[in-house]
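In the working numbering, the protein residues as written are 1 to 112.
For each residue, glycine too, the CB sits at the ideal point set by N, CA and C.
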Amino acid sequence: MTTTTSDAELLGVVLTPRQIWELLDLVNDTPGDADEEVLDAVASKLRSPRVFTRTSAARYQGRLLALTTEEHEALVALVEDDVTPPDDVIASVGARLVALVPDRGKGGRSRN
Numbered sequence: 001m002t003t004t005t006s007d008a009e010l011l012g013v014v015l016t017p018r019q020i021w022e023l024l025d026l027v028n029d030t031p032g033d034a035d036e037e038v039l040d041a042v043a044s045k046l047r048s049p050r051v052f053t054r055t056s057a058a059r060y061q062g063r064l065l066a067l068t069t070e071e072h073e074a075l076v077a078l079v080e081d082d083v084t085p086p087d088d089v090i091a092s093v094g095a096r097l098v099a100l101v102p103d104r105g106k107g108g109r110s111r112n
């Protein structure tokens, strides 16, 4: 499946914090048991990505994983068929996932 977007549009999926961490663990090939139900939900979202304008994307700040077409295709292959993405996709998507939920293990956002 190939999805094209214009420069003014973003291809992406809106994820929960748990989905973000499971996907990050999968992208980074972190040892341990993956939560298959969570990854199934991520796969479902990746199969039907949404197209956002910059304005509509702002509503989902902190939960929207914006993707290039190449990154999207690589993540679908990873989640569905366990195909390792190229190193540049791992680095760029991994960094974006970490930026979405930087306080892993601390119960989410700080109340300061």
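Burial is judged here by how many other beta carbons sit within 10 angstroms of a residue's own beta carbon; Gly12 has at least 16 and is buried. Annotation: Arg63 to Ser56 spans about 13 Å, alpha carbon to alpha carbon.
The shortest CA-to-CA distance from Glu70 to any of Asp82, Val42, Leu15 and Ser92 is the one to Ser92. Burial of Gln19 is indicated by the presence of at least 16 other C-beta atoms within 10 angstroms of its C-beta. Glu80 sits exposed, since fewer than 16 C-beta atoms from the chains shown fall within 10 Å of its C-beta. Pro86 sits exposed, since fewer than 16 C-beta atoms from the chains shown fall within 10 Å of its C-beta. Positions of the beta strand (DSSP E) runs, each at least 3 residues long and wholly inside the segment 49-106, are given as 50-53 and 64-67 in order along the chain. With contacts defined by Cβ atoms closer than 9 Å, Leu10 and Ala99 do not form a contacting pair.
For the options Asp88, Gly94, Leu78 and Val51, the alpha carbon positioned closest to that of Val14 is the one of Val51.
The alpha-carbon separation between Leu46 and Asp40 amounts to approximately 10 Å. Per DSSP, reduced to three states, the secondary structure at Leu15 is coil, with no helix or strand assignment.
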